[in-house]
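Student: Sharing a structure with you now.
Number of protein chains: 2
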Amino acid sequence: MKPEDLNIVALAGGVGGARLADGLAQVLQPQQLTVIVNIGDDFTYIGLRISPDLDTVCYTLAGLSNPVTGWGRSNDTWRVLENLREMGVPGWFQIGDADLATHLIRSFRLQQGDRLSQITRDFCHAWGVQVNVLPMSDDIFHTWVYTDEGDLEFQEYFVHRQSKPKVKGFWFEGVEKARPAEGILEAIDRCDAVVICPSNPWVSIDPIFSIPDLKQAIGGHLVIAISPIIGDQTVKGPAAKMFNELGIQPSALAVAQHYSRTINFLVIDKGDDSLVDDINKLGIQTYPTDILMHDRPDRGRLAQELLDIIKVNR
Amino acid sequence: MKPEDLNIVALAGGVGGARLADGLAQVLQPQQLTVIVNIGDDFTYIGLRISPDLDTVCYTLAGLSNPVTGWGRSNDTWRVLENLREMGVPGWFQIGDADLATHLIRSFRLQQGDRLSQITRDFCHAWGVQVNVLPMSDDIFHTWVYTDEGDLEFQEYFVHRQSKPKVKGFWFEGVEKARPAEGILEAIDRCDAVVICPSNPWVSIDPIFSIPDLKQAIGGHLVIAISPIIGDQTVKGPAAKMFNELGIQPSALAVAQHYSRTINFLVIDKGDDSLVDDINKLGIQTYPTDILMHDRPDRGRLAQELLDIIKVNR
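Quick mapping for you: the protein sequence lines, in order, are chains Z and A.
Numbering follows the numbering used here, with no gaps: position 66 of the first sequence is 289.
Numbering follows the numbering used here, with no gaps: position 228 of the second sequence is 451.
Have a look at this one:
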């Protein structure tokens, strides 16, 4: 088949997902790629609706993201946050001034009754992002983390408590009623493969898969995941810590087991090739390569390897 | 009487009102001064409640105001506004980054059900303002300007249209139901004089006076106004233009006629002393002096002259 015939749906959380989405955008035409983004981390801060993963994906695709942190905007300033803190507002969530404009417009438009997916489309248009980026749902959906310090909303756990409380489980508030955002089922229907980005399985990918209609639509498609675990570590975020606290040794094998009913392929780090046999026993094919994305060209290189796998296996 | 026994209520709009309030704060102890501020100019901008006059008064009293414009904050930056404009939001209202923190907190707290007067009190506390600053009301109140280009909300007329449409009249939306904010009637009850700051009579002072309970409470008190008109000009804003468009020659006499049923004293510019007889004929005493406040010491000087008048006439 011609490369231009390949349609890909990518499921993404924050920084890791955004980086692979950027890689895929480098090797595909915009109309070939739909990125479905976790909204379980979304929260409200002094009345503003913040969508951390959506923003990270969009800023990254737009070339606006902060290259050091991976989240937020490059060269941002902190005047509003400084003033909020001076006036006694808890300032544990980092919002730059340019970033704040995004949250203001999103919050205002949601108040006016616009859908998150439409707002995201308009943001992408304003930022020159041609790839189709969709929130997983336009409905209310909140990831809760059960911990030894009580039940915490995701950002409370992740940012405010710096992922320190010990994780005991997760709950997705709103999952029963959440429907896929408009355009998602159509994108899945026409895609040649679903790519699960190297995002946190528990709190970035599971929320997306938890939406019944979305999960069902993916069934029967070629699904290829990139392990977010290299050795027993994650590049960023608490995924390895979560595996440990849930009594599971973190590894690419643990990722394969987590996704065993969902994926056909797991792309693992070449340093983890001793796990190939055990992963294959789960009925999952493996592809060991260098999965750490060191820089932008590396994102494109990994994405191209994915396309090569998909072309052979679809 | 001792100076510390004098209690003053000042009615203020934006820049002119803020400057005299600052002068009064220089010559009185904080507990001797209550400033009641117009909220008819308040409006909503991308979901944020903006209270321009309240902010101008509070920023000025806090020493935070922009000394050049009179409104907004000194040394402010414009990152959020720049980004809002880049994303297509109409950016005709100037909101600096530090200023925005004020609007964010106010909007959030109003959403939570807090009263504007309580929020203003907390802002003043955070900014070290000890004077009692109160919005004229905690209720909904909007000044509309009837013009030859249609009926315009005040900020639409004033900022967006730069006061260019020809004024035909005014309407105060919500006036029937608006009650004075908590603490206003008590402050008026115990005051020795009400000072009407050199603010726009039509759109800064009339809205305050339009609240029935507030107007009634002022009846019987010594009321002293400072003319916002010098010669046939205002220092700032469209007051002179409004007088003209309503068919009235702007002058201190016109101000006296406008306030004739309300005030006992009008402080006018010494250059306007030819109007003294005509103003006296309205039953209003006059006090010609230099009413232009050139700098901060000048505000205190004018305020001291007011106190001297009040001490003699109360």
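Every residue, glycine too, gets a C-beta built ideally from N, C-alpha and C.
Determine, using beta carbons only, whether Asp320/A comes closer than 8 Å to chain Z.
Tutor: Against the second sequence, residue 320/A aligns to sequence position 97. Answer yes: the Cβ-Cβ gap between Asp320/A and chain Z drops below 8 Å somewhere.
Student: Against chain Z, does Ser375/A count as a neighbour if the rule is that its beta carbon must be under 8 Å from one of theirs?
Tutor: Position 152 of the second sequence, counted from the start, is the residue given in the question as residue 375/A. According to the sequence as given, residue 375/A is Leu; it is not Ser. Under the 8 Å criterion on CB atoms, Leu375/A is classed as non-interfacial with respect to chain Z.
Student: Within its chain, find whatever has a CB closer than 7 Å to the CB of Gly263/A; leave out the 5 residues flanking it on each side and keep chain order.
Tutor: By 1-based counting over the second sequence, the position of residue 263/A is 40. Within the same chain, Phe364, His365, Thr366, Phe377, Phe395, Val426, Pro430 come within 7 Å of Gly263/A by CB-CB distance, once the 5 residues on both sides are set aside.
Student: With a cut-off of 8 Å, does the C-beta of Gln456/A fall near any C-beta of chain Z?
Tutor: Sequence index remark: in the second sequence, residue 456/A carries index 233 (1-based). Closer than 8 Å: no.
Student: Since Tyr369/A is in the beta strand (DSSP E), which residue starts that stretch and which ends it?
Tutor: The count along the second sequence starts at 1 and reaches residue 369/A at position 146. Unbroken beta strand (DSSP E) run through Tyr369/A: 365-370.
Student: Go ahead and label Arg242/A buried or exposed: buried means 16 or more other beta carbons lie within 10 angstroms of its beta carbon, across all protein chains shown.
Tutor: As a working note, residue 242/A is residue 19 in the second sequence. When all chains shown are included, Arg242/A counts as buried.
Student: Any Cβ of chain A within less than 8 Å of the Cβ of Arg537/Z?
Tutor: Counting from 1 along the first sequence, the entry for residue 537/Z is found at position 314. No, Arg537/Z lies away from the interface with chain A (no Cβ there is under 8 Å from its Cβ).
Student: Could you give the distance in angstroms between the alpha-carbon of Val258/A and the alpha-carbon of Leu357/A?
Tutor: By 1-based counting over the second sequence, the position of residue 258/A is 35. By 1-based counting over the second sequence, the position of residue 357/A is 134. Taking the straight line joining both Cα atoms gives about 6 Å.
Student: Along the stretch 266-294 of chain Z, where does the CB come closer than 7 Å to a CB of chain A? Name the residues.
Tutor: Ile269, Gly270
Student: Please return the same chain residues whose Cβ sits closer than 7 Å to the Cβ of Asp345/A, not counting the five positions on each side in sequence.
Tutor: To locate residue 345/A, count along the second sequence from 1; it is residue 122. Here the set comprises nothing.
Student: From what residue to what residue does the alpha helix (DSSP H) around Pro430/Z run?
Tutor: In the first sequence, the residue the question calls residue 430/Z occupies position 207. That run of the alpha helix (DSSP H) goes 429-432.
Student: Does Pro290/Z pass the burial test, meaning 16 or more other C-beta atoms within 10 Å, or should it be called exposed?
Tutor: What you label residue 290/Z is simply residue 67 of the first sequence in a count that begins at 1. It counts as exposed.
Student: Determine the direct distance from the alpha carbon of Pro388/Z to that of Lys464/Z, and round the result to whole angstroms.
Tutor: Walking along the first sequence from the start, residue 464/Z turns up at place 241. Walking along the first sequence from the start, residue 388/Z turns up at place 165. A direct Cα-to-Cα measurement between Lys464/Z and Pro388/Z gives close to 10 Å.
Student: Any Cβ of chain A within less than 8 Å of the Cβ of Pro330/Z?
Tutor: For the purposes of this step, residue 330/Z is identified with residue 107 of the first sequence, where counting begins at 1. Before going on, a small fix: residue 330/Z reads as Ser here, not Pro. Judged by the 8 Å Cβ criterion, Ser330/Z is in contact with chain A.
Student: Report the rounded CA-to-CA distance for Gln456/A versus Pro473/A, giving the unit in angstroms.
Tutor: Counting from one through the second sequence, the residue named residue 456/A turns up at place 233. Counting from one through the second sequence, the residue named residue 473/A turns up at place 250. Looking at the two C-alpha atoms, the distance is approximately 7 Å.
Student: Rounding to the nearest angstrom, what Cα-Cα distance links Asp518/A and Thr292/A in this structure?
Tutor: Sequence index remark: in the second sequence, residue 518/A carries index 295 (1-based). Sequence index remark: in the second sequence, residue 292/A carries index 69 (1-based). Cα to Cα, Asp518/A sits roughly 13 Å from Thr292/A.
Student: Just to make sure I have the definition right: I need the residues of chain A whose C-beta is within less than 9 Å of the C-beta of Gly311/Z. Which are they?
Tutor: Within the first sequence, residue 311/Z is the residue found at index 88, counting from 1. Against chain A, the beta carbon of Gly311/Z has neighbours under 9 Å at Ile328, Asp345, Ala349, listed in chain order.
Student: Output, in chain order, the set of chain A residues within a Cβ distance shorter than 8 Å of Leu307/Z.
Tutor: Here the question's residue 307/Z lines up with position 84 in the first sequence. Chain A residues near Leu307/Z: Ala324, Leu327, Ile328.
Student: Kindly indicate which residue of Val535/A, Asp521/A, Asn536/A has the alpha-carbon position closest to the one of Val250/A.
Tutor: Residue mapping note: residue 250/A aligns to position 27 of the second sequence, counting from 1. Residue Asp521/A is the option with its Cα nearest to Val250/A.
Student: DSSP on Asp264/Z, reduced to helix/strand/coil?
Tutor: In the first sequence, residue 264/Z corresponds to position 41, counting from 1. Asp264/Z falls in the coil class under three-state DSSP.
Student: Going by DSSP, which residues form a beta bridge with Ala448/A?
Tutor: If you number the second sequence from 1, residue 448/A lands on position 225. According to DSSP, Ala448/A bridges with Ile419/A, Leu489/A.
Student: Cβ closer than 8 Å: which chain Z residues qualify as neighbours of Arg338/A?
Tutor: Position 115 of the second sequence, counting from 1, holds the residue named residue 338/A. Those within 8 Å of Arg338/A in chain Z number zero; the least Cβ separation is about 17 Å.
Student: Nearest chain Z C-beta to Met224/A closer than 8 Å, yes or no?
Tutor: To locate residue 224/A, count along the second sequence from 1; it is residue 1. With a pLDDT of 49 at Met224/A, under the threshold of 50, the predicted position of this residue should be treated as unreliable, and no value is reported.
Student: Which residues of chain A have a Cβ atom closer than 7 Å to the Cβ of Gln334/Z, listed in chain order?
Tutor: The residue given as residue 334/Z occupies position 111 in the first sequence. The contacting residues are Gly270.
Student: Taking only beta-carbon atoms, is Val352/A less than 8 Å away from chain Z?
Tutor: Looking up residue 352/A in the second sequence gives position 129. Interface criterion not met: the Cβ of Val352/A is under 8 Å from no Cβ in chain Z.
Student: Could you tell me if Leu515/A is buried or exposed, where buried requires 16 or more neighbouring beta carbons within 10 angstroms of its beta carbon?
Tutor: Here residue 515/A refers to the residue found at position 292 when the second sequence is read from its first residue. Leu515/A comes out exposed.
Student: In three-state terms, what does DSSP make of Tyr380/Z?
Tutor: Counted from its first residue, the first sequence places residue 380/Z at position 157. Tyr380/Z: helix per DSSP, three-state reduction.
Student: Per the contact definition of three or more C-beta pairs closer than 8 Å, is the stretch 304-315 of chain Z in contact with the stretch 271-291 of chain Z?
Tutor: no
Student: Using a Cβ-Cβ distance under 8 Å, would Thr300/A count as near chain Z?
Tutor: Locating residue 300/A in the second sequence gives position 77, where the first residue counts as 1. Yes, contact with chain Z.
Student: Considering only DSSP beta bridges, list what Tyr282/A is partnered with.
Tutor: Position 59 of the second sequence, counted from the start, is the residue given in the question as residue 282/A. Paired residue(s): none; Tyr282/A is not in a bridge.
Student: With 8 Å as the threshold, decide whether the Cβ of Val303/Z is near any Cβ in chain A.
Tutor: Taking the first sequence and counting its residues from 1, one reaches residue 303/Z at position 80. Taking Cβ atoms only, chain A reaches closer than 8 Å to Val303/Z, which makes this a yes.
Student: What's the call for Gly373/A, buried or exposed, on a 16-neighbour Cβ count within 10 Å?
Tutor: To locate residue 373/A, count along the second sequence from 1; it is residue 150. A residue is called buried once 16 or more other Cβ atoms fall within 10 Å of its Cβ, and Gly373/A, having fewer, is exposed.
Student: Whole angstroms are fine: how far does the CA of Gly406/Z sit from the CA of Leu339/Z?
Tutor: The residue given as residue 339/Z occupies position 116 in the first sequence. The residue given as residue 406/Z occupies position 183 in the first sequence. Cα-Cα distance, rounded: 12 Å.
Student: Looking only at its chain, what residues have a beta carbon closer than 6 Å to the beta carbon of Ile491/A, apart from the 5 residues adjacent to it on each side?
Tutor: For the purposes of this step, residue 491/A is identified with residue 268 of the second sequence, where counting begins at 1. Once the five neighbours on either side are set aside, the close Cβ partners of Ile491/A are Ser450, Ala475, Thr509, Pro511.
Student: Which partner residues does Ala232/Z have in the DSSP bridge list?
Tutor: Here the question's residue 232/Z lines up with position 9 in the first sequence. Note that residue 232/Z corresponds to Val in the displayed sequence, not to Ala. DSSP lists Thr257/Z, Val417/Z as partners of Val232/Z.
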